[in-house]
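Peer 1: Pasting a structure below so you can have a look.
Protein chains in written order, with our numbering: chain A, 1 to 409; chain B, 410 to 966.
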């Protein structure tokens with residue numbers, strides 16, 4: 001089976017990985033980062049603030065989590081501190097996040113160092129007053145640490161601060177600063193500064209001989225960058241072919257699909273793909289766009305019967321239906337656009353490609369995956385699971401028997 | 410006239426209800442005359458029309474033909490405001506393009522003659538005289554204007570941040586002894602002998618604290634809330650009715666033009682786009698409004714109405730990035746019959762003695778541009794009743810921060826601030842920016858940037874809480890414009906909430922609740938303006954909230 005996975009977020013990566021495990025010929029096509037690159041580093045399979053489910057994960061999802069270097073998913077759930085001072089449960093975490101579930105009753109020091117947007121004192125107060133910390137008698141104290149950053153660095157973004165510590169000498173300097181501090185805590189909680197590449201927290205923990213880790217990342221923080229780095233390593237490792245380009249449209253040619261992107265035109269001898277997995281994200285990720293108002297170009301197209309015009313459209317021209325909670329959001333009934341204000345809180349997050357199972361509605365051979373497809377916004381593990389499910393479905397539909405297995409390296 | 414003995418038994422000489430420009434204006438005027446003042450505001454300073462206006466102290470050329478007195482007063486007082494708060498003003502040059510068509514030559518000629526008349530008032534507010542322009546001139550000044558043009562005129566107006574103006578008045582009143590309470594609603598007007606209003610009862614809407622204050626005079630300056638306020642004392646007054654008119658503005662992420670541009674909406678009404686501080690604003694609508702005054706939000710069709718009007722003259726507005734809306738309710742003088750635009754913008758002081766409520770006065774109507782004069786007239790009435798002869802000095806005493814002008818570049822250098830941050834800080838605070846920077850000198854960590862869009866540093870947030878009565882993230886945003894940029898507070902609301910909660914001795918959980926409250930309000934104000942790019946930003950903002958705060962501030966157990 002020759003399969004194209006469009007989108008380089010969590011869902012697309014899981015789909016490509018799962019399809020390769022089933023010996024499919026996989027090409028991953030993506031350009032820039034979407035919502036996964038903006039995630040916090042906490043891994044959930046249900047929206048944590050609505051319903052936290054400490055359920056067992058199926059073995060393939062666990063295997064994917066192990067394969068992805070940046071992640072750490074154990075048999076029991078983790079507890080992480082958000083950068084706004086909430087102690088929240090998570091099914092798993094970016095390995096650089098400090099897991100507090102293992103530190104119940106400990107004395108945790110929060111590094112108080114001068115950086116914009118970082119106030120260790122208020123974080124310590126907030127975390128100490130959380131019900132979990134009170135119940136388990138876990139203490140959080142702000143401990144002054146000097147010399148971590150140079151004065152010119154204090155206004156840098158979390159990503160840039162983290163990237164500094166990819167340099168071993170800077171990581172050593174950080175370890176030294178923590179060692180010099182006045183107290184000897186059981187663990188150190190730091191801001192999202194421990195490297196744009198995975199493994200920073202482990203290195204620091206080893207150097208200090210005690211658990212060290214980060215709070216969650218704000219949007220655009222290093223957790224997303226670490227996901228990107230470990231995705232690239234994983235896809236290369238399992239032999240997924242890569243096309244770094246922005247996909248414009250998916251065209252059918254007989255029973256096959258051609259993917260036209262920004263990288264150049266299609267050629268006559270382009271063999272195309274047996275199946276397509278769309279893992280392009282929802283509105284937040286940029287995979288789905290809202291059209292503003294009826295413009296002249298649209299009117300012409302509608303008159304010519306070219307596109308079915310809708311309020312939301314996929315950023316990739318493909319024969320799919322966009323919907324919300326199983327219902328199609330077909331078109332705006334106002335010529336001046338769609339009334340998002342009327343949609344209600346959180347609805348924008350759930351707008352996605354409609355599927356029956358993993359099959360995109362109304363399009364055989366096109367499959368969809370992602371958190372908005374799963375109707376579970378911001379649930380990284382649910383997105384990964386939907387990718388695995390889509391890969392299985394695509395291979396089954398493509399006729400597994402015909403597949404010419406290519407050995408995994 | 411109350412004698413001195415009984416005066417001592419009172420908490421204040423005058424109680425002012427309402428923290429808009431009229432209320433804070435009267436509080437300041439009275440305090441400067443040596444009167445003891447207590448001001449109560451149900452929401453926040455500049456919460457209503459004053460903080461949601463077009464942000465101009467224009468001379469009101471619109472009223473010139475049928476209400477020239479309003480134009481005269483506006484221009485005169487605009488001049489006074491410039492001398493007492495120079496830091497808060499910025500010039501907004503206007504362009505009125507005239508489209509070619511039947512009668513367009515006559516229209517341009519008429520416009521030229523009209524502004525000849527308006528030019529007579531311009532010197533009162535240091536305005537430049539108008540210029541008659543041909544079509545090429547108009548396009549040279551603003552290349553984005555399209556269509557066949559006959560020509561146009563340019564004229565001169567001034568912009569101001571209405572919320573800063575109200576805060577400056579309140580701060581000055583406070584520094585002259587006034588008690589200022591925000592988020593503190595008046596629950597009752599206390600009636601004494603013969604029905605006279607002798608004081609008020611109040612309740613703090615955040616702490617729940619209740620209390621009473623007694624005074625000789627109560628001034629009701631509650632704008633669109635005016636009839637609701639008089640009803641608290643059982644005063645059913647026909648004279649204190651207002652015609653509530655909702656006005657909506659849409660704002661964009663940047664300045665799109667150097668000139669404000671006047672346009673006609675589809676129904677012939679005059680609307681405009683203006684460069685305002687560091688963004689562009691479209692305004693405004695005017696429709697009767699009978700909804701909840703504490704919760705007035707723009708709707709999608711109001712936004713479309715404005716964008717459509719401007720699009721006709723300035724088509725690229727459609728592809729510009731609108732990032733939010735604001736809405737307020739004008740308290741215009743009550744009249745049955747005229748359509749909203751034709752209502753008078755004049756003001757009057759209503760003495761409720763006629764309703765059997767001696768000692769109660771309501772301020773009806775008014776404009777940002779002539780607020781000071783209206784406050785002076787109202788305070789004259791109060792002073793006369795109290796037998797006090799001091800005259801108003803509000804046109805000569807500078808507002809806090811307006812005593813002299815500081816050079817932004819020198820200020821930036823001396824305080825190690827980015828020049829952009831320095832100029833924004835100086836705009837908002839004038840010389841009081843020195844007080845903000847004093848905090849940084851004492852605690853260098855307060856130099857950290859909280860909101861990078863505006864930008865706002867931590868010391869300014871703390872100053873707003875300490876010295877300007879901010880008690881929520883919304884309050885800080887009103888004073889500093891924190892969180893009103895393209896990201897909608899996604900990056901700064903949580904940090905700001907933590908600071909506000911800490912300074913007002915509330916729990917971290919309460920700080921997160923304040924942040925969520927702001928972000929939810931921001932979502933509601935931004936959703937009507939939402940376009941292709943903005944939709945993505947909104948979804949991201951929600952994701953960010955959920956990732957870090959959860960959707961309930963209480964968080965997990």
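By construction, the Cβ of each residue, glycine as well, lies at the ideal position given by its N, Cα and C atoms. Everything numeric in this text was worked out from a predicted model, so none of it was measured.
For residue 69(A) and residue 233(A), which I take to be in contact (beta-carbon distance under 8 Å), what is that distance rounded to the nearest angstrom?
Peer 2: Walking along the first chain from the start, residue 69(A) turns up at place 69. Walking along the first chain from the start, residue 233(A) turns up at place 233. So it is a contact: roughly 6 Å between Cβ atoms.
Peer 1: Let me see if you follow: with CB-CB separation under 8 Å, is residue 103(A) close to chain B or not?
Peer 2: Here residue 103(A) is taken as the residue at index 103 of the first chain, counted from 1. So no, residue 103(A) is outside the interface.
Peer 1: Go ahead and pull the three-state DSSP assignment for residue 564(B).
Peer 2: For the purposes of this step, residue 564(B) is taken as the residue at position 155 of the second chain. In this structure, residue 564(B) counts as strand in the three-state DSSP scheme.
Peer 1: Output the distance between the C-alpha atoms of residue 403(A) and residue 199(A), rounded to the nearest integer angstrom.
Peer 2: Here residue 403(A) is taken as the residue at index 403 of the first chain, counted from 1. Here residue 199(A) is taken as the residue at index 199 of the first chain, counted from 1. Per-residue confidence for residue 403(A) stands at a pLDDT of 44, beneath the threshold of 50, marking its modelled position as unreliable; the derived number appears in the next sentence. Going by the C-alpha atoms only, they are around 37 Å apart.
Peer 1: On the DSSP bridge list, what partners appear for residue 711(B)?
Peer 2: If you number the second chain from 1, residue 711(B) lands on position 302. Answer is none; residue 711(B) lacks a bridge partner.
Peer 1: So for residue 735(B), helix, strand or coil by DSSP?
Peer 2: Position 326 of the second chain, counted from the first residue, corresponds to residue 735(B). Strand, per DSSP.
Peer 1: Hey, could you find the ends of the beta strand (DSSP E) residue 214(A) is sitting in?
Peer 2: Residue numbering aside, residue 214(A) sits at position 214 when the first chain is read from its first letter. Start and end: 212-214.
Peer 1: Counting only C-beta atoms, is residue 7(A) closer than 8 Å to chain B at any point?
Peer 2: Against the first chain, residue 7(A) aligns to sequence position 7. It does not; no Cβ of chain B falls within 8 Å.
Peer 1: Near residue 623(B), what residues of its chain come up, given a Cβ to Cβ distance below 6 Å and the 5 sequence neighbours on each side ignored?
Peer 2: Here residue 623(B) corresponds to residue number 214 of the second chain, with the count starting at 1. The answer, listed in chain order, is 419, 420, 607 and 608.
Peer 1: Could you tell me which of 23(A), 83(A) and 204(A) sits nearest to residue 191(A), measuring between CA atoms?
Peer 2: Residue numbering aside, residue 191(A) sits at position 191 when the first chain is read from its first letter. Nearest C-alpha to residue 191(A): 83(A).
Peer 1: Going by DSSP, what residue range makes up the alpha helix (DSSP H) through residue 132(A)?
Peer 2: Looking up residue 132(A) in the first chain gives position 132. Run containing residue 132(A): 131-136, per the alpha helix (DSSP H) assignment.
Peer 1: Hey, could you find the ends of the alpha helix (DSSP H) residue 943(B) is sitting in?
Peer 2: The residue labelled residue 943(B) in the question sits at position 534 within the second chain. Where residue 943(B) is concerned, the enclosing alpha helix (DSSP H) stretches over 941-957.
Peer 1: So is residue 38(A) buried or exposed if we call it buried at 16+ other beta carbons inside 10 Å?
Peer 2: Stepping through the first chain from its first residue, residue 38(A) is reached at position 38. When all chains shown are included, residue 38(A) counts as buried.
Peer 1: Which residue marks the beginning of the beta strand (DSSP E) containing residue 454(B), and which one marks its end?
Peer 2: If you number the second chain from 1, residue 454(B) lands on position 45. It is not in any beta strand (DSSP E) - residue 454(B) carries neither H nor E in the DSSP assignment.
Peer 1: Could you please tell me which residues of the region 940-958 of chain B, in chain order, have their CB closer than 7 Å to any CB of chain A?
Peer 2: Residues 940, 941, 944, 945, 947, 948, 949, 951, 952, 953, 955, 956, 957 and 958.
Peer 1: Counting pairs of beta carbons, one from the region 671-679 of chain B and one from the region 641-659 of chain B, are three or more of them closer than 8 Å?
Peer 2: Because the criterion of three Cβ pairs below 8 Å is not met, the region 671-679 of chain B and the region 641-659 of chain B do not touch.
Peer 1: Going along the chain, which residues of its own chain have a beta-carbon closer than 7 Å to the beta-carbon of residue 862(B), five neighbours each way excluded?
Peer 2: For the purposes of this step, residue 862(B) is taken as residue 453 along the second chain, with counting starting at 1. Same-chain partners within the cutoff: 894, 895 and 896.
Peer 1: Express the C-alpha separation of residue 435(B) and residue 977(B) in angstroms, rounding to a whole number.
Peer 2: Examination of residue 977(B) is not possible in this model, given that chain B is present from 410 through 966 alone.
Peer 1: Please check if any C-beta of chain A sits within less than 8 Å of the C-beta of residue 937(B).
Peer 2: Counted from its first residue, the second chain places residue 937(B) at position 528. Closer than 8 Å to some Cβ of chain A, the Cβ of residue 937(B) qualifies, so yes.
Peer 1: At a Cβ cut of 8 Å, what residues of the region 902-923 of chain B count as close to chain A, listed as they run along the chain?
Peer 2: Against chain A - using a Cβ distance shorter than 8 Å - the residues of the region 902-923 of chain B are 903, 904, 907, 908, 911, 916, 917, 918, 920 and 921.
Peer 1: Let's see if you can read the secondary structure: which residues bound the beta strand (DSSP E) around residue 770(B)?
Peer 2: Within the second chain, numbered from 1, the residue matching residue 770(B) stands at position 361. That run of the beta strand (DSSP E) goes 769-774.
Peer 1: Report the neighbours of residue 385(A) on chain B: residues whose CB is nearer than 7 Å to its CB, in chain order.
Peer 2: Along the first chain, read from residue 1 onward, the residue named residue 385(A) stands at position 385. In chain order: nothing, as chain B lies at least about 19 Å away.
Peer 1: Can you tell me where the alpha helix (DSSP H) holding residue 584(B) begins and where it ends?
Peer 2: Here residue 584(B) refers to the residue found at position 175 when the second chain is read from its first residue. That run of the alpha helix (DSSP H) goes 571-584.
Peer 1: Rounded to the nearest angstrom, how far is the Cβ of residue 76(A) from that of residue 101(A), given a contact under 8 Å?
Peer 2: One-based indexing of the first chain puts residue 76(A) at position 76. One-based indexing of the first chain puts residue 101(A) at position 101. Going by Cβ atoms, the distance from residue 76(A) to residue 101(A) rounds to 7 Å, so yes, they are a contact pair.
Peer 1: By the three-class DSSP mapping on this structure, what secondary structure does residue 643(B) have?
Peer 2: By 1-based counting over the second chain, the position of residue 643(B) is 234. In the structure shown, residue 643(B) sits in coil (DSSP, three-state: anything other than H, G, I, E or B).
Peer 1: Which residue comes first and which comes last in the alpha helix (DSSP H) that contains residue 15(A)?
Peer 2: If you number the first chain from 1, residue 15(A) lands on position 15. Residues 10-21.
Peer 1: When the Cα atoms are used, what is the spatial distance from residue 487(B) to residue 847(B)?
Peer 2: Position 78 of the second chain, counted from the first residue, corresponds to residue 487(B). Position 438 of the second chain, counted from the first residue, corresponds to residue 847(B). Computed Cα separation, rounded: 32 Å.
Peer 1: Counting Cβ pairs closer than 8 Å, one from the region 798-812 of chain B and one from the region 540-548 of chain B, do we hit at least three?
Peer 2: No, the region 798-812 of chain B does not touch the region 540-548 of chain B.
Peer 1: If the cut is a Cβ gap below 8 Å, which residues of chain A does residue 689(B) touch?
Peer 2: On the second chain, residue 689(B) is found 280 positions in, with the first residue counted as 1. Within 8 Å Cβ-Cβ: nothing; residue 689(B) doesn't reach chain A, min ~17 Å.
Peer 1: If you run the structure through DSSP and keep just helix, strand and coil, what is residue 72(A)?
Peer 2: Locating residue 72(A) in the first chain gives position 72, where the first residue counts as 1. DSSP places residue 72(A) in strand when its eight states are reduced to three.
Peer 1: Using a C-beta to C-beta distance shorter than 9 Å, which residues of chain B count as neighbours of residue 35(A)?
Peer 2: Locating residue 35(A) in the first chain gives position 35, where the first residue counts as 1. Per Cβ cutoff of 9 Å: 948, 949 and 952.
Peer 1: Given residue 871(B), which residues of its chain have a CB within under 8 Å of its CB, disregarding the five upstream and five downstream residues?
Peer 2: The residue labelled residue 871(B) in the question sits at position 462 within the second chain. Taken in chain order, the residues that qualify are 848, 855, 908 and 912.
Peer 1: Would residue 90(A) pass as a contact of residue 78(A) if the rule is Cβ separation under 8 Å?
Peer 2: The sequence position of residue 90(A) within the first chain is 90, counting from 1. The sequence position of residue 78(A) within the first chain is 78, counting from 1. It is a contact, given that the beta carbons lie within the stated cut-off.
Peer 1: Spatial neighbours of residue 484(B) within its chain, please: C-beta separation below 6 Å, excluding the five flanking residues on both sides.
Peer 2: Counting from one through the second chain, the residue named residue 484(B) turns up at place 75. Closer than 6 Å at Cβ, skipping near neighbours: 468, 530, 533 and 534.
Peer 1: Would you grab the beta carbon distance between residue 561(B) and residue 502(B) for me? Rounded to a whole angstrom, and I think it's under 8 Å.
Peer 2: Start at 1 with the first residue of the second chain, and residue 561(B) comes out as number 152. Start at 1 with the first residue of the second chain, and residue 502(B) comes out as number 93. Actually they do not touch by this definition, with Cβ atoms about 12 Å apart.
Peer 1: Residue 854(B) touches chain A at which residues, Cβ-Cβ below 7 Å?
Peer 2: As a first step, residue 854(B) is located in the second chain; it is residue number 445 there, counting from the start. Under the 7 Å cutoff, chain A gives 114.
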